[in-house]
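*Asks:*
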Amino acid sequence: MNYEAAMAYIQNTAKFGSNLGLDRTLKILELLGNPQDKIKCIHVAGTNGKGSTTAMITRILREAGYKAGMYTSPFLEEFEERIQVDGENIGKDDLARTVTEVSKVVEKVISLGFDHPTEFEIITCAMFKHFCEAEVDYAVIEVGLGGRLDSTNVITPVLSVITSISLDHTGVLGDTLREIAGEKAGIIKRGVPVVSYPQEKEAEKVIADACSSLGCELISVEPGSGEFLETTKHAQRIRVKTLSGVYEPELSLLGKHQIMNCAVAISAAEKLQDLGLCISRDNILSALGKVKWIGRLEVLREKPLVVIDGAHNIEGITLLSESLKTYFKYEKLILIIGILRDKQVEAMIETIAPQAHRVIAVTPNSGRAESAAELNEVIVKYNSSSEACDDYAEAYEKALGYAGEDDMVLVCGSLYMIGDMRKVIRRY
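All residue numbers for the sequence shown refer to the working numbering, where the first residue is 783 and numbers rise by one.
The following block contains the structure:
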């Protein structure tokens, strides 16, 4: 297959939806020679912050001189963003070749009586094969959904990391924090140390119990161990206290939520030091000043200020709402928002819409999307200056028309929408 054919093949597998379980992934990988067993991995699960934390840990490894792979989802602009080595996307030719090899094995797996593998399973297997062939020193692997039955959960990592856990994907993972934490804690492996974000008591107990039963050291980041000091030019200076000392990095990722994500990443780096990796304090500080995670409180324009953020559930929107006035100076807020219908739509709108001078509802590019018109019906309960718009470019043009030089245009609500809007914004 060439690149176009490989992408068509991947997109065609989306019709198989989500089918949790590890059997298909394990069989594909077995027929590929078990590349996942030849890679040293750091496995990252959680509800919010797992992508940012994955990016920070990866950047720290790179700064320390290690060849580092990074696997994240979803992508924002280019599919190849999901599989990176040393900050570079997998090449189109490499992706085509790897997907071709995986597709041949998929046919064998189906012939053995397995269900057709899902899109995420196929991409995950391609990722493991690519990282193995690239001979990465370490790979930082972000879980797709949950943990226990996620197709990335076929590895025995050197370190497991669990970021903030909250209610999300309740239809799949469970209705309570305890149930969801149980799914996330499914990545914990016997004897493998675990670094955890400061969790709610219910989730904290689940993780601690899992570590105890599997003989794992648990490094729990202390609440309040990270604090905001000041903003700099599109960065923030923070202070993080760990078991080993105090750090004051100038963190290139904005948002109050990133302060504790950073504390988790530093604690992970310290544990990797204990495991024998050569990571210096300077490596950590330098990496945190360089790390990039597009689409997360990302400034794309000045005058008016244009910011996009991938907050896509109630916890994320709440943290975003709290961060706006801390990190940005603006007069009026013009909000472009799109949300998936399986989220806590009304709670999200109630949290952020009242802050806006004007709101424009759009439809995320997903079969799970709340339509712009449906979303607008919710918005008007909390902000009467709202409208629905189905075209992203038109929505952005309207927002610019409503905004003065000292105002801010904020785009948020769904990662499925953020990437497409980012393309639109960068064309102007």
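Cβ coordinates follow ideal geometry from the N, Cα and C atoms, glycine included.
How is leucine 1000 classed by DSSP in three states: helix, strand or coil?
*Replies:* Of the three classes helix, strand and coil, the one that applies to leucine 1000 here is strand, per DSSP.
*Asks:* By how many angstroms is the C-alpha of lysine 1114 removed from the C-alpha of serine 1105?
*Replies:* So the two alpha carbons sit approximately 15 Å from each other.
*Asks:* At what residues does the beta strand (DSSP E) containing phenylalanine 896 begin and finish?
*Replies:* Here phenylalanine 896 belongs to no beta strand (DSSP E), and DSSP marks it neither H nor E.
*Asks:* Please state if the CB of cysteine 1171 and the CB of isoleucine 1131 are separated by a distance shorter than 8 Å.
*Replies:* Cβ distance not < 8 Å, so isoleucine 1131 and cysteine 1171 don't count as in contact.
*Asks:* Mind checking who threonine 1013 pairs with in its DSSP beta bridge?
*Replies:* Per DSSP, Gln1018.
*Asks:* Could you tell me whether the segment 957 to 964 touches the segment 852 to 859, using the rule of 3 or more Cβ pairs below 8 Å?
*Replies:* As far as the Cβ criterion goes, the segment 957 to 964 does not touch the segment 852 to 859, which means the pair count is below three.
*Asks:* Within its chain, find whatever has a CB closer than 6 Å to the CB of isoleucine 969; leave out the 5 residues flanking it on each side and keep chain order.
*Replies:* Around isoleucine 969: His825, Ala827, Gly929, Asn935, Ser942.
*Asks:* Would alanine 1185 pass as a contact of valine 1193 if the rule is Cβ separation under 8 Å?
*Replies:* Taking 8 Å as the Cβ cut-off, alanine 1185 and valine 1193 do not qualify as a contacting pair.
*Asks:* Which same chain residues end up closer than 6 Å to proline 899 when comparing Cβ atoms and leaving out the 5 residues on each side of it in sequence?
*Replies:* Closer than 6 Å at Cβ, skipping near neighbours: Arg806, Val888.
*Asks:* If glycine 933 and glutamate 903 are in contact, beta carbons under 8 Å, what's the gap, nearest whole angstrom?
*Replies:* Sequence inspection shows serine at residue 933; the glycine mentioned does not correspond to that position. The Cβ separation is near 4 Å, so the contact holds.
*Asks:* Could you name the residues that DSSP lists as bridge partners for methionine 1042?
*Replies:* According to DSSP, methionine 1042 bridges with nothing at all.
*Asks:* Quick test of the definition: if touching needs 3 or more C-beta pairs under 8 Å, does the segment 1091 to 1101 touch the segment 1057 to 1070?
*Replies:* Cβ pair count under 8 Å is below three, so no.
*Asks:* Cβ atoms of glutamate 862 and asparagine 871: under 8 Å apart, would you say?
*Replies:* Yes, the Cβ-Cβ distance between asparagine 871 and glutamate 862 is below 8 Å.
*Asks:* In the DSSP assignment, find the unbroken beta strand (DSSP E) run with tyrosine 1210 in it and report its ends.
*Replies:* Per DSSP, tyrosine 1210 belongs to no beta strand (DSSP E) and is neither H nor E.
*Asks:* Which residues in the same chain as glutamate 1128 place their Cβ atom closer than 7 Å to its Cβ, once the five residues preceding and following it in sequence are excluded?
*Replies:* Counting only Cβ-Cβ distances below 7 Å, and skipping sequence neighbours, we find Val1160.
*Asks:* In angstroms with no decimal places, state the Cα-to-Cα distance between arginine 1123 and glycine 1027.
*Replies:* Cα to Cα, arginine 1123 sits roughly 44 Å from glycine 1027.
*Asks:* Along the chain, where does the beta strand (DSSP E) that runs through glutamate 860 open and close?
*Replies:* From DSSP, glutamate 860 is part of no beta strand (DSSP E); its letter is neither H nor E.
*Asks:* Which stretch, first to last residue, makes up the alpha helix (DSSP H) that contains arginine 806?
*Replies:* Start and end: 805 to 813.
*Asks:* Have a look at Lys1163, Glu999, Met783 and flag the residue whose alpha-carbon is nearest the alpha-carbon of leucine 1054.
*Replies:* Comparing Cα-Cα distances from leucine 1054 to each of Lys1163, Glu999, Met783, the minimum goes to Glu999.
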